[in-house]
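**Q** Sending over a structure as structure tokens; questions will come in a sec.
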Amino acid sequence: YYNADLDAIASQVDGVEAQNSRCLLSRFNRRAREYATQHDLAITGGSDAHFPMEVGRSITVCDSPFREAIKSTSTQIAGRGGYLSGHTATKLNDALRMVNL
């Protein structure tokens, strides 16, 4: 997957979320990291939490203040990738809402 519009805005952003912990296919996180490297952008990690148990599954690590680290592209990412149970819980929650439970 590649969106040509990304190149049009790459010079206007400072970083790319290169570790999304709800991403089930690791190739998407890998491609985001590659894109950040090719365009000299900082990398960030995000939990994309839908439930409390998911908070902190992926994080952005930096030694300097956050904005400084993003601007200097000195951030690192840590955490775990996607897991099926998080998506299963989301689908179950959606189904229960549909039947008003």
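Residue numbers (the numbering used here): 5 to 105.
Glycine included, C-beta positions come from ideal geometry on N, C-alpha and C.
Predicted model, so just to flag it, every value in this text is computed and none were measured.
Tell me whether A8 sits in a helix, a strand or coil according to DSSP, three-state version.
**A** Here residue 8 refers to the residue found at position 4 when the sequence shown is read from its first residue. Looking at A8 - three-state DSSP - the assignment turns out to be coil, as it is neither helix nor strand.
**Q** Note the first and the last residue of the continuous alpha helix (DSSP H) segment covering S30.
**A** One-based indexing of the sequence shown puts residue 30 at position 26. 30-42 is the span of the alpha helix (DSSP H), which, as asked, contains S30.
**Q** Short of 6 Å in beta carbon distance, which residues of its chain neighbour V106, apart from the five on each side in sequence? Order them along the chain.
**A** Here the chain comprises residues numbered 5 to 105, so residue 106 is not present and cannot be evaluated.
**Q** Looking only at DSSP bridge pairs, what is N104 linked to?
**A** Locating residue 104 in the sequence shown gives position 100, where the first residue counts as 1. N104 is not bridged to any residue.
**Q** Going by the beta-carbon positions, is the gap between R35 and R61 smaller than 9 Å?
**A** Within the sequence shown, residue 35 is the residue found at index 31, counting from 1. Within the sequence shown, residue 61 is the residue found at index 57, counting from 1. For the pair R35 and R61, the CB atoms are not nearer than the 9 Å cut-off.
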